[in-house]
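A.B. asks: Under this note's numbering, the first residue of the sequence shown carries the number 168, and numbering increases by one thereafter.
For every residue, glycine included, the Cβ atom is placed at its ideal position computed from N, Cα and C.
What you are looking at is a predicted structure, and each value in this text was computed from that prediction instead of being measured.
Shown below is the structure under consideration.
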Amino acid sequence: MRIICHYLLTLSLAVLICSCSHNQSAPDISGEQSNNIRDYLVKVAKDITANSGTSIVSATEWEKIRPERHSEFIEMISLQDMPLDGERPPLNVKITGTVHRDGYRIEKLYYESLPGLYVPANLYIPDNISGPVPGIIYLCGHSPTQKVHYQAHPAKFAQLGFVCLIVETIQFGEVRGEHHGCYARGWFNWYSRGYTPAGVEVWNAIRGLDLLSARSEVDEQNLGATGISGGGAISWFLAAADLRVKASAPVCGASTMEAHITTRTVDGHCDCMMPINNGLIDFQDIGALIAPRPLLIGQSDRDGLNRVESVRRIYRDLKRIYELHNASANIEYIETPGGHSYHKNSREKIFSFFAGHLMDKDLSPEEAGDIDTSPDNILSEEELRVYTAGPPADDRTTVIQDSFVKLAGDPEISSENDLDTHRKTVTDFLRRKSFAAFPRDPPSFDSVKVFRTLDRATYGSDIYSFVTEEGWRLKIDIRWRNEASQEKPLMIVLRSPDENRQESEGFSGQAGKDWNIAYFEVRGAGEYGWDPNLRWHIRRASAWLGRTLASMQVYDLIRCIEFCRTLEGLNADSIGIAARNDMCVVALYAALLDGNCKSIILKDPPASQDEASRPDGRGPANEILNCLRITDVYRLPALLSPAEVTFAGDMPESYKWSDNILKKLGKKPLKTVKNL
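Right, dumping it as structure tokens:
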């Protein structure tokens, strides 16, 4: 009996002690989630594919919104700065030689698609043409020898009576430029630039159509486009971008986002295979821009880069759209056995398809026949060479990625009104072009206090978990330096990926004593990190899905700020952010979009977002889609005024632009504190 009484007394004391704690409710640890980045990306991909093309419910309604969708697509393939309308620069076609073959000739030539951007090509012209005939542009895949490897295709077109232009990509062939910036070189800043090499390829192809249209042998009302692999993707893009393409036949050039991310075929694909996807589109959306023009989709059933079931789905979805146009006969699909390649059946079908739609000839695939790859019919690389003495001295092919997309320069800001106007311009652009993947209807925070203690700070610590986005439940650790009744400001300290233990605590230790301190890990950091070997995949897959690692982290931080404003004991109008290294980018963009942060502390921020990372994806991940078209990270502190921005340690030289603007306008300049 005495033992029982002692037990009850101890229990009563424990209950009494608990009731005196800073927060009296017992912590609830329910609702935790796995926060798996692969699961998240797969779900996003499935949603994009499921929604692709579904908004098109009638041909009439589609035609009303098609111009807007077309304009958005043009921007997503980096063509917004090209002279698509109006006068274009001269092509300055140069023919460097001619090869005569049985029934046709080959003109070896190059043209200038932009000043200083030259395109080597071969033009196959049938003999004895009595009048203009249909023209075909053949778009090469990723074969190193380009027009040499694929030469049997334009030769066959010429034998059938077409004029066919085969153009080399900027990556391979006679001049070796860059397609693999993000894929192999760590140039993830391409995403920030809004640059995809597909843009250059489509532009070169558009100018190739200009060349065909200018030839007296070509009927400019009957132009077609075809190619395989990378050339297949560009065939999709060209037909969607340029209405002059009357019929197109892409082969092994498309798959759904769902398939690419679920099976990780995205990892094998070149950077040219997908637009800068801030529009969250899939190939059904691209195909809708081609409809109702004739489209033949070719696909092999064991393609290692494009899951055949996904291509069947694209065809089924597009078939519905063609039916809305009463043009179901204009879309066809041919599936052949084998890997990522042509097949005799697909080639013959393509020749028959173009004969029917561009020549109005009822020619069966068997009658059209296949290509001839016998040794006597194949010319050598030297025989088809365009540049006999090398490319022109001013050729920009190898560096075109540095100038193809116009980047924003430092704006002229002379007044507070200029600053306000520029801030609005930047934030509006970013919301539409960089952060369009932010959920339109954010989920409830569904917050849970998962831990509490009277240790760690003067008035203890509370750890909350809350939902930032569907599939992500993150935690914030709030260290109470002040009594809850005082409603003091809160400094949110962003933990960095791979930081040393207690590193953030040391960084924040000298913040003002009036500030409560909170430690927050965005996805990709700390508890919500992942294997470094997965980082390369995540960065590329995310961009294909219209987001980046940094943009997802920006959203996490914005949601964290919003959540903290709901808590008692905090001044909702006095929230600051402290960050180091790459997290400074996240902090600055989140503060800009939030618009109501009081203080920002930065340590070792990157000088610019226009910097390369590491080829393996493990380096700085500061890319945000299209951001460099409107701003750069070093300009953001000026736009955050009246928030106080402090540098812990040296301020990078580039940030003096912001400092000078603030000083010129008589505002609080940037601070530098050496001992933080």
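Using the C-alpha atoms, what's the distance from residue 344 back to residue 573?
C.D. replies: Numbered from 1 along the sequence shown, position 406 holds the residue referred to as residue 573. Numbered from 1 along the sequence shown, position 177 holds the residue referred to as residue 344. C-alpha separation (whole angstroms): 19 Å.
A.B. asks: So residue 467 packs on residue 504, CB below 8 Å; how close in whole Å?
C.D. replies: Along the sequence shown, one-based indexing puts residue 467 at 300. Along the sequence shown, one-based indexing puts residue 504 at 337. About 7 Å separates the two Cβ atoms, so the contact holds.
A.B. asks: I'd like to confirm the pairing. Which residues does DSSP put opposite residue 323 in its beta bridges?
C.D. replies: On the sequence shown, position 156 is the one that residue 323 refers to. Partner(s): none; residue 323 has no beta bridge.
A.B. asks: Taking the straight line between their C-alpha atoms, what separation do you get for residue 189 and residue 598?
C.D. replies: Looking up residue 189 in the sequence shown gives position 22. Looking up residue 598 in the sequence shown gives position 431. Residue confidence is low: residue 189 scores 40 on pLDDT, short of 50, so the model does not pin down where it sits. Its coordinate-derived value is still stated next. In a straight line, the C-alpha of residue 189 is about 40 Å away from that of residue 598.
A.B. asks: Who are the near neighbours of residue 838 in its chain, counting only those whose CB is closer than 8 Å to its CB and skipping five residues on each side?
C.D. replies: Translated into positions along the sequence shown, residue 838 becomes position 671. Closer than 8 Å at the Cβ level, and outside the excluded window around residue 838, lie 811, 812, 813 and 814.
A.B. asks: Decide yes or no for the touch test of the region 558-578 against the region 521-541: beta carbon pairs closer than 8 Å, at least 3 of them.
C.D. replies: No, the region 558-578 does not touch the region 521-541.
A.B. asks: Tell me the rounded alpha-carbon separation between residue 305 and residue 334.
C.D. replies: The residue you call residue 305 lines up with position 138 of the sequence shown. The residue you call residue 334 lines up with position 167 of the sequence shown. Between residue 305 and residue 334, the C-alpha separation is close to 7 Å.
A.B. asks: Tell me which same chain residues have a C-beta within less than 8 Å of the C-beta of residue 475, skipping the five on either side of it?
C.D. replies: Taking the sequence shown and counting its residues from 1, one reaches residue 475 at position 308. Contacts found: 466, 467, 468, 469 and 502.
A.B. asks: Apart from the five residues on each side of it in sequence, which residues of its chain come closer than 8 Å, Cβ to Cβ, to residue 515?
C.D. replies: By 1-based counting over the sequence shown, the position of residue 515 is 348. Result list for residue 515: 532, 533, 535, 536 and 537, in chain order.
A.B. asks: Does DSSP put residue 900 in a helix, in a strand, or in coil?
C.D. replies: Any property of residue 900 remains undetermined from this structure, which presents the chain solely from 168 to 843.
A.B. asks: Less than 9 Å between the C-beta atoms of residue 389 and residue 301, yes or no?
C.D. replies: Here residue 389 refers to the residue found at position 222 of the sequence shown. Here residue 301 refers to the residue found at position 134 of the sequence shown. Yes, these two residues count as a Cβ contact at 9 Å.
A.B. asks: Taking C-beta to C-beta, are residue 444 and residue 243 nearer than 9 Å?
C.D. replies: Within the sequence shown, residue 444 is the residue found at index 277, counting from 1. Within the sequence shown, residue 243 is the residue found at index 76, counting from 1. Yes; because the gap between Cβ atoms is below 9 Å, this pair is in contact.
A.B. asks: Can you tell me the Cα-Cα spacing of residue 615 and residue 631, whole angstroms?
C.D. replies: Here residue 615 refers to the residue found at position 448 of the sequence shown. Here residue 631 refers to the residue found at position 464 of the sequence shown. Between residue 615 and residue 631, the C-alpha separation is close to 6 Å.
A.B. asks: Taking just the CA atoms, how far does residue 617 sit from residue 897?
C.D. replies: Lying before the first or after the last residue shown, residue 897 is absent from the chain, which here runs from 168 to 843.
A.B. asks: On a Cα-Cα basis, can you pick out the residue from 797, 241 and 329 that is closest to residue 291?
C.D. replies: Indexing the sequence shown from 1 puts residue 291 at position 124. Of 797, 241 and 329, the residue nearest in Cα terms is 329.
A.B. asks: Taking 9 Å as the threshold (C-beta atoms), are residue 742 and residue 807 in contact?
C.D. replies: Walking along the sequence shown from the start, residue 807 turns up at place 640. Walking along the sequence shown from the start, residue 742 turns up at place 575. No, the pair does not count as a contact, with Cβ atoms beyond the cut-off.
A.B. asks: Assuming residue 401 is part of the alpha helix (DSSP H), what are its boundary residues?
C.D. replies: Within the sequence shown, numbered from 1, the residue matching residue 401 stands at position 234. Here the alpha helix (DSSP H) through residue 401 covers 397-408.
A.B. asks: Check the C-beta distance from residue 647 over to residue 628 and give it rounded, since I have them as a contact under 8 Å.
C.D. replies: Stepping through the sequence shown from its first residue, residue 647 is reached at position 480. Stepping through the sequence shown from its first residue, residue 628 is reached at position 461. 7 Å between Cβ atoms; contact.
A.B. asks: Is it right to say residue 673 is buried, meaning 16 or more other beta carbons lie within 10 angstroms of its own, or is it exposed?
C.D. replies: As a working note, residue 673 is residue 506 in the sequence shown. Residue 673 is exposed by the Cβ-count criterion.
A.B. asks: DSSP has residue 464 in a bridge; who is on the other side?
C.D. replies: For the purposes of this step, residue 464 is taken as residue 297 along the sequence shown, with counting starting at 1. BP columns for residue 464 point to 500.
A.B. asks: Answer yes or no: do residue 872 and residue 752 have a C-beta to C-beta separation smaller than 9 Å?
C.D. replies: Residue 872 falls outside the range modelled here, since the chain spans only 168 to 843, and no answer is possible.
A.B. asks: Which of helix, strand or coil does DSSP assign to residue 621?
C.D. replies: Sequence index remark: in the sequence shown, residue 621 carries index 454 (1-based). Here residue 621 sits in coil by DSSP.
A.B. asks: Near residue 241, which residues of its chain fall below 8 Å by C-beta distance, leaving aside the five closest residues on each side in sequence?
C.D. replies: To locate residue 241, count along the sequence shown from 1; it is residue 74. Here the set comprises 247, 251 and 408.
A.B. asks: Beta carbon of residue 456, beta carbon of residue 224: below 9 Å?
C.D. replies: Locating residue 456 in the sequence shown gives position 289, where the first residue counts as 1. Locating residue 224 in the sequence shown gives position 57, where the first residue counts as 1. Contact flag unset, no.
A.B. asks: Going along the chain, which residues of its own chain have a beta-carbon closer than 7 Å to the beta-carbon of residue 193, five neighbours each way excluded?
C.D. replies: By 1-based counting over the sequence shown, the position of residue 193 is 26. Caution applies to residue 193, whose pLDDT of 45 falls short of 50 and renders its modelled position unreliable; the value that the coordinates give is listed next. Answer for residue 193: no residue qualifies.
A.B. asks: Taking 8 Å as the cut-off, does the region 275-286 touch the region 360-380 (at least 3 CB pairs, one atom from each stretch)?
C.D. replies: Touching, yes.
A.B. asks: In terms of alpha-carbon separation, which member of 760, 747, 794 and 798 lies closest to residue 773?
C.D. replies: As a working note, residue 773 is residue 606 in the sequence shown. That would be 747, whose Cα lies nearest to the Cα of residue 773.
A.B. asks: Three or more beta-carbon pairs under 8 Å between the region 704-715 and the region 337-356, yes or no?
C.D. replies: Contact holds: three or more Cβ-Cβ distances are below 8 Å.
A.B. asks: Output the boundary residues of the beta strand (DSSP E) element that contains residue 628.
C.D. replies: As a working note, residue 628 is residue 461 in the sequence shown. Run containing residue 628: 628-636, per the beta strand (DSSP E) assignment.
A.B. asks: Would DSSP call residue 698 helix, strand or coil?
C.D. replies: Locating residue 698 in the sequence shown gives position 531, counting from the first residue. Here residue 698 sits in coil by DSSP.
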